[in-house]
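Under the numbering used here, the sequence shown is numbered contiguously, ending at residue 809. Using N, Cα and C, we set each Cβ at its ideal position, and we do this for glycine too.
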Amino acid sequence: MQLLSDLRFAIRSLSRRPGFTLAVAGTLSLGIGATTAIFSVANAVLLRSLPYPDAHELALVWGDNRENPASRPGGQMSSPNFQDIQAEARSIESIALYTTANLTLSGDGPAEVVAGARATPDLFRVFASEPVLGRSFTADEARFEGPKAVVVSDGYWRTRLGGDPSALGDILTVNGESHPIVGVAPPGFGFPSDAQLWIPFQNNDEGCGRGCYLTAAVARLADNVTLDRARAELDELSANLEAAYMDSNANLVHRVTPLREIVVGDTGTALWILLGAVGMVLLIACANVANLILLRGGTRRTELAVRTALGAGRGRLLGQLMVENAVLASLGGAGGMLLAWLGTSTLPRLAPAGLPRMDEVGMDGTTALFALGVVALTVLVFGLAPSLRVSREGVAEAVRRNAHGGVGDRAGRRTRAGVLVAEVALSIMLLLAAGLMLRSLAGMQSVDLGLTTADVAVFRLALPNARYDGPDARLAFVHRLEERLNGIPGVESVATGLAIPFGTVNLDGSFIRPDLPEPEPGQGPSAAYRTLDPDAFEVLGIEVVQGRAFEETDRHGAPPVALINRAAAARYWPGEGPVGKGMRVQLSAGYPEVEPRTVVGIVDDFRSQVTSPAGPEMYMPSAQVGGSFPHVAIRAPGRPSHTVLAEARAVLASLDPELPLIQPSSLDAMVDEQMAAPRFYLVLLSLFAVMAVALAAVGIYGVVAFMLVQRTREIGMRIALGARAGRVVRMVVWQGLGPALAGLAIGLAGALALGRMISGILFEVAPTDALTWTGASALLLGVVAAATALPAHRATRIPPAEALRAE
3 MQLLSDLRFA
13 IRSLSRRPGF
23 TLAVAGTLSL
33 GIGATTAIFS
43 VANAVLLRSL
53 PYPDAHELAL
63 VWGDNRENPA
73 SRPGGQMSSP
83 NFQDIQAEAR
93 SIESIALYTT
103 ANLTLSGDGP
113 AEVVAGARAT
123 PDLFRVFASE
133 PVLGRSFTAD
143 EARFEGPKAV
153 VVSDGYWRTR
163 LGGDPSALGD
173 ILTVNGESHP
183 IVGVAPPGFG
193 FPSDAQLWIP
203 FQNNDEGCGR
213 GCYLTAAVAR
223 LADNVTLDRA
233 RAELDELSAN
243 LEAAYMDSNA
253 NLVHRVTPLR
263 EIVVGDTGTA
273 LWILLGAVGM
283 VLLIACANVA
293 NLILLRGGTR
303 RTELAVRTAL
313 GAGRGRLLGQ
323 LMVENAVLAS
333 LGGAGGMLLA
343 WLGTSTLPRL
353 APAGLPRMDE
363 VGMDGTTALF
373 ALGVVALTVL
383 VFGLAPSLRV
393 SREGVAEAVR
403 RNAHGGVGDR
413 AGRRTRAGVL
423 VAEVALSIML
433 LLAAGLMLRS
443 LAGMQSVDLG
453 LTTADVAVFR
463 LALPNARYDG
473 PDARLAFVHR
483 LEERLNGIPG
493 VESVATGLAI
503 PFGTVNLDGS
513 FIRPDLPEPE
523 PGQGPSAAYR
533 TLDPDAFEVL
543 GIEVVQGRAF
553 EETDRHGAPP
563 VALINRAAAA
573 RYWPGEGPVG
583 KGMRVQLSAG
593 YPEVEPRTVV
603 GIVDDFRSQV
613 TSPAGPEMYM
623 PSAQVGGSFP
633 HVAIRAPGRP
643 SHTVLAEARA
653 VLASLDPELP
663 LIQPSSLDAM
673 VDEQMAAPRF
683 YLVLLSLFAV
693 MAVALAAVGI
703 YGVVAFMLVQ
713 RTREIGMRIA
723 LGARAGRVVR
733 MVVWQGLGPA
743 LAGLAIGLAG
753 ALALGRMISG
763 ILFEVAPTDA
773 LTWTGASALL
783 LGVVAAATAL
793 PAHRATRIPP
803 AEALRAE
């Protein structure tokens with residue numbers, strides 16, 4: 003009953019002060035809503051287990067170079083090495099080889115591209131997600147040139163096949179070949195990369211052998227096997243494979259990485275930073291509210307003194323004040339939940355395409371419990387300390403403070419100043435983080451890529467072996483396509499090749515210089531490689547700085563040639579001219595070349611990733627290498643890429659209606675996509691910084707304005723005694739500027755640690771960048787000055803007579 007009475011009194015008390023109530027509830031809503039929304043993203047991406055049974059047992063098994071370790075886990079695995087690991091690793095319960103694939107579906111209607119994968123039969127067993135209808139692949143279907151089969155996703159089965167169980171056995175034309183449907187995957191299963199179709203991985207070990215690292219392996223660890231034990235066993239197996247197959251496995255070690263780390267990738271660091279940033283906003287909101295409660299407590303001294311005189315103990319007063327705080331927190335929590343719901347609905351739409359698991363973001367039970375915990379925490383953080391202070395005063399103390407206008411409340415002033423110090427310190431840290439991200443993004447946008455991206459439309463093709471068997475057939479089709487594309491109005495030039503810059507296809511290879519002693523296995527020079535036709539250098543704006551580019555005569559049967567970039571020339575031919583020298587290339591596809599290629603030219607360095615400087619690269623003529631998955635680049639100055647791509651689609655359909663455009667885009671869009679994630683983080687950090695600074699400004703204004711009310715009599719007397727306006731202004735401004743300067747100093751010290759945390763997501767800007775630090779400090783001090791300017795101006799307008807009548 004007492005609680006209900008306190009609750010009714012709290013509601014009446016707060017309703018009589020709607021301005022105070024709205025200010026507190028609104029401030030808390032912003033802090034709780036933003037914090038909960040970002041937590042929902044962190045929960046979905048970082049904290050929630052992968053949607054597979056016993057997901058902690060899943061791991062990626064991949065090959066790495068012992069002497070030159072990869073900067074991040076990769077997917078390198080060859081089929082023969084996989085088979086040996088599958089047979090010998092006792093720490094692994096099951097393991098599957100897979101590779102992502104854009105599968106072409108043709109038949110009734112236009113051809114289309116569907117996300118899919120090639121996989122060995124154990125893929126569904128690894129994920130404990132056997133098909134709910136039909137079966138997985140058989141060992142016979144997984145052998146080279148074995149029977150065809152396809153497993154479809156639950157979504158594909160329901161939307162495209164009507165959810166009909168009799169669809170088993172139906173034929174899908176995948177990449178030009180007939181594949182009977184043998185199974186339907188369980189609902190929600192989409193590994194890898196939201197695949198909708200799975201076909202058997204049928205590798206020709208003689209053509210793509212032990213040195214052919216074009217696939218990935220995913221495994222489920224055996225029961226009660228730790229990662230350390232699995233890693234130790236894989237280290238031993240790697241050593242045995244290296245000793246037995248030195249030519250292909252030199253320095254190769256197979257590593258085990260939890261699958262969750264692979265899925266999250268580099269996103270984890272940025273999301274933890276965002277969660278920390280929004281937590282700072284919540285702390286600033288709580289600090290603001292604590293100050294508001296302290297200020298309101300100063301106006302309630304008479305009320306509390308009377309209640310004390312009538313017999314209310316300190317515990318009774320504290321209980322009443324905490325009930326009021328709980329009501330305020332509940333109002334703020336309700337508003338925060340609404341803002342969080344809006345945020346969780348909006349963030350997935352704003353997030354870049356590469357951010358993992360954004361489809362799982364939402365207001366689930368965990369997020370709701372987090373929000374309730376934040377509400378409870380804010381009651382304690384912003385409510386308990388101020389309420390303890392307000393309830394501590396006795397009757398005589400309250401009367402004395404009222405008689406003197408509160409001037410003697412030194413402890414209260416120190417507390418309010420301390421809160422302002424904390425607000426400013428947190429605000430400058432957020433401002434610096436946002437400023438550094440802004441400088442980082444500006445650096446990305448202004449970096450010299452070394453090639454021209456404007457007015458270039460790109461797409462990929464997948465030429466099925468069933469209709470384009472052999473390099474001659476593929477090259478003949480690509481040549482016809484180039485001729486037709488060059489006939490599109492406005493098209494200036496067309497180029498084809500493999501691994502166009504900024505795409506998802508990146509290939510590596512090694513080579514041997516015949517003019518030097520042959521290196522030990524695995525010790526030879528390595529470089530990224532691309533195949534390009536003669537027009538590619540014009541289309542992409544790549545400058546040949548020495549020698550010549552490819553020519554039409556560089557075809558099958560002609561002497562093999564190659565180009566290298568400046569980085570390769572500097573690293574592998576230091577102090578000598580590479581042009582005219584030979585190189586015997588070993589591609590990562592496992593195809594060694596017997597006849598050396600002659601280096602005929604050197605091209606300028608260009609970036610294939612915006613944030614990565616150019617490394618050593620080598621280039622070979624498309625007509626001498628061929629390939630089933632060529633890229634096509636079309637330069638059409640002044641024409642929108644989507645229009646050019648639409649006309650290219652029509653041209654392709656006229657040549658082969660069963661070939662779709664794969665990943666149609668433009669080079670500008672591909673570059674912009676690489677900056678989408680930093681831009682997303684910048685927008686959120688900037689939003690939090692603006693919220694923090696605005697809340698700090700409001701807090702400073704409130705404290706200075708309250709101080710002005712308390713010291714009205716003193717200021718009036720000073721003016722009456724001849725104090726100049728400038729002296730009065732300085733006295734008032736210092737009430738906000740003093741704590742701000744202290745907070746700025748503390749915040750800058752904290753920013754040193756914060757800078758080290760965010761350095762991993764910055765691009766070519768130091769965490770202690772002087773321009774950013776100076777600009778952020780000046781901006782915050784300007785906001786503080788503006789927040790104190792209005793109360794200071796009002797102070798100089800106080801009539802002495804009115805001041806002497808005050809209170």
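### Query
Going straight from the alpha carbon of Ala435 to that of Pro354, what length do you get?
Taking the first residue of the sequence shown as position 1, residue 435 is located at position 433. Taking the first residue of the sequence shown as position 1, residue 354 is located at position 352. About 20 Å.
### Secondary structure of Ala529, DSSP reduced to three states
Residue 529 sits at position 527 when you count from the first residue of the sequence shown. Strand.
### Message
Can you tell me where the alpha helix (DSSP H) holding Met677 begins and where it ends?
### Response
Here residue 677 refers to the residue found at position 675 when the sequence shown is read from its first residue. No alpha helix (DSSP H) contains Met677, which DSSP labels as neither H nor E.
### Message
Only counting the same chain, and skipping five residues up and downstream in sequence, which positions put a Cβ closer than 6 Å to that of Ala39?
### Response
By one-based count along the sequence shown, residue 39 stands at place 37. Closer than 6 Å at the Cβ level, and outside the excluded window around Ala39, lie Ala342, Gly345, Thr346.
### Task
Mark Val547 as exposed unless 16 or more other C-beta atoms lie within 10 angstroms of its C-beta, in which case mark it buried.
Along the sequence shown, read from residue 1 onward, the residue named residue 547 stands at position 545. Val547 comes out exposed.
### Message
Looking at Ala373: is its Cβ nearer than 7 Å to the Cβ of Met339?
### Response
Working through the sequence shown from its first residue, we reach residue 373 at position 371. Working through the sequence shown from its first residue, we reach residue 339 at position 337. Yes; because the gap between Cβ atoms is below 7 Å, this pair is in contact.
### CB-CB length for Gly784 against Leu422, believed under 8 Å
Along the sequence shown, read from residue 1 onward, the residue named residue 784 stands at position 782. Along the sequence shown, read from residue 1 onward, the residue named residue 422 stands at position 420. That belief does not hold up - the Cβ atoms of Gly784 and Leu422 are roughly 16 Å apart, past 8 Å.
#### Entry: Rounded distance between the beta-carbons of Glu244 and Gln839, thought under 8 Å
Only positions 3 to 809 of the chain appear in this structure, which leaves residue 839 out of reach.
### Message
On the criterion of 16 or more Cβ atoms from any shown chain inside 10 Å, does Asp471 qualify as buried, or is it exposed?
### Response
Locating residue 471 in the sequence shown gives position 469, counting from the first residue. So Asp471 counts as exposed.
### Query
Excluding five sequence neighbours on each side, which residues of the same chain lie with their C-beta closer than 6 Å to the C-beta of Gly526?
In the sequence shown, residue 526 corresponds to position 524, counting from 1. For Gly526, where only same-chain residues beyond five positions count, the Cβ hits under 6 Å are Ser512, Ile514.
### Message
Using only the alpha-carbon positions, how far apart do Leu756 and Ala27 sit?
### Response
For this step, residue 756 is matched to residue 754 along the sequence shown. For this step, residue 27 is matched to residue 25 along the sequence shown. About 30 Å.
### Message
Could you check whether Glu235 and Met91 sit closer than 7 Å to each other, using their CB atoms as the reference points?
### Response
If you number the sequence shown from 1, residue 91 lands on position 89. If you number the sequence shown from 1, residue 235 lands on position 233. In the sequence under discussion, the amino acid at residue 91 is Ala, which differs from the Met named in the question. Cβ distance < 7 Å, so Ala91 and Glu235 count as in contact.
### Query
Between Arg14, Val63, Ala336, which lies nearest to Ala868 when the distance is taken from Cα to Cα?
The structure shown does not extend to residue 868, since the chain is modelled only from 3 to 809, so the question has no answer here.
### Message
Helix, strand or coil, according to DSSP, for Gln447 in the structure here?
### Response
Reading the sequence shown from its first residue, position 445 is the one you call residue 447. Here Gln447 sits in helix by DSSP.
### Message
Applying the 10 Å Cβ sphere with the 16-neighbour rule, what's the burial state of Pro55?
### Response
On the sequence shown, position 53 is the one that residue 55 refers to. Label assigned to Pro55: exposed.
### Task
Using a threshold of 7 Å, state whether the C-beta atoms of Thr106 and Ala119 are closer than that.
By 1-based counting over the sequence shown, the position of residue 106 is 104. By 1-based counting over the sequence shown, the position of residue 119 is 117. Their beta carbons are not under 7 Å apart, which means Thr106 does not touch Ala119 by this criterion.
### Query
By Cβ distance, which residues of its chain are closer than 6 Å to Ala272, with the 5 residues on each side in sequence left out?
Stepping through the sequence shown from its first residue, residue 272 is reached at position 270. Correct list, in chain order: Tyr683, Ile763.
### Query
Do three or more CB pairs link the stretch 206-221 to the stretch 168-183 at distances below 8 Å?
no
### Query
Should Thr555 go down as buried or exposed, given a rule of 16 or more other Cβ atoms within 10 Å for buried?
Start at 1 with the first residue of the sequence shown, and residue 555 comes out as number 553. So Thr555 ends up on the exposed side.
### Query
Is the CB-CB distance between Val349 and Val43 below 7 Å?
In the sequence shown, counting from the first residue as 1, residue 349 sits at position 347. In the sequence shown, counting from the first residue as 1, residue 43 sits at position 41. Going by the sequence as given, residue 349 is Leu instead of Val. Contact flag set, yes.
### Task
Using alpha carbons as the reference points, say which of Ala753, Lys583, Leu689 lies closest to Gly549.
Translated into the one-based positions of the sequence shown, residue 549 becomes position 547. Ranking Ala753, Lys583, Leu689 by Cα distance to Gly549 puts Lys583 first.
### Message
What I want to know is whether the C-beta of Pro662 ends up closer than 6 Å to one or more non-hydrogen atoms of the ligand HEM.
### Response
Inclusion of the ligand HEM in the displayed structure is not the case, the ligand content being empty and no account of it being possible.
### Query
Among the residues of its own chain, which have a CB less than 6 Å from the CB of Ser643, if the five just before and after it don't count?
In the sequence shown, counting from the first residue as 1, residue 643 sits at position 641. The answer, listed in chain order, is Ala459, Ser668.
### Asn404 to Pro20 span [Cα, whole Å]
Walking along the sequence shown from the start, residue 404 turns up at place 402. Walking along the sequence shown from the start, residue 20 turns up at place 18. Caution is warranted here: a pLDDT of 48 is assigned to Asn404, below 50, making its placement in the model unreliable, and no coordinate value can be reported.
### Query
For Val602 versus Val563, is the C-beta spacing smaller than 7 Å?
Numbered from 1 along the sequence shown, position 600 holds the residue referred to as residue 602. Numbered from 1 along the sequence shown, position 561 holds the residue referred to as residue 563. Contact flag set, yes.
### Message
As a quick exercise: from Pro769, Gly136, Pro741, pick the residue whose alpha carbon is nearest that of Ala753.
### Response
By one-based count along the sequence shown, residue 753 stands at place 751. Checking every option, the nearest Cα to that of Ala753 belongs to Pro769.
### Task
Inspect the beta-carbon positions of Thr259 and Pro473 and report whether they are closer than 7 Å.
Translated into positions along the sequence shown, residue 259 becomes position 257. Translated into positions along the sequence shown, residue 473 becomes position 471. No, the pair does not count as a contact, with Cβ atoms beyond the cut-off.
### Query
Considering only residues of the same chain and omitting the five flanking positions on each side of Glu95, which have a CB-CB separation below 6 Å?
Taking the sequence shown and counting its residues from 1, the one referred to as residue 95 is at position 93. Closer than 6 Å at Cβ, skipping near neighbours: Arg222, Ala224.
#### Entry: Phe461 in three-state terms, based on DSSP
Along the sequence shown, read from residue 1 onward, the residue named residue 461 stands at position 459. Correct three-state label for Phe461: strand.
### Query
Based on Cα-Cα distance, which residue from Gly704, Asp124, Pro576, Leu30 lies nearest to Leu330?
Along the sequence shown, one-based indexing puts residue 330 at 328. Of the candidates Gly704, Asp124, Pro576, Leu30, the one whose C-alpha sits nearest the C-alpha of Leu330 is Leu30.
### Query
Do Pro598 and Arg586 have their CB atoms nearer than 7 Å?
If you number the sequence shown from 1, residue 598 lands on position 596. If you number the sequence shown from 1, residue 586 lands on position 584. Yes, the pair counts as a contact, with Cβ atoms nearer than the cut-off.
### Query
With a CB to CB cut of under 7 Å and the five nearest residues on each side skipped, what residues in its chain are close to Asp670?
Counting from one through the sequence shown, the residue named residue 670 turns up at place 668. These residues qualify, in order along the chain: Thr455, Ala456.
### Query
Which ranges does the beta strand (DSSP E) cover as unbroken runs of at least 3 residues, wholly within the stretch 41-83, from first to last along the chain?
60-67
### Query
Roughly how many angstroms lie between the CA atoms of Leu6 and Gly367, to the nearest whole one?
Along the sequence shown, read from residue 1 onward, the residue named residue 6 stands at position 4. Along the sequence shown, read from residue 1 onward, the residue named residue 367 stands at position 365. In a straight line, the C-alpha of Leu6 is about 29 Å away from that of Gly367.
### Task
Spatial neighbours of Glu179 within its chain, please: CB distance less than 8 Å, with the 5 preceding and 5 following residues excluded, ordered by chain position.
As a working note, residue 179 is residue 177 in the sequence shown. Excluding residues within five positions, the ones whose Cβ falls inside 8 Å are Lys150, Pro466, Ala468.
### Task
Could you tell me whether the Cβ atoms of Asn253 and Arg557 are closer together than 7 Å?
The sequence position of residue 253 within the sequence shown is 251, counting from 1. The sequence position of residue 557 within the sequence shown is 555, counting from 1. No.
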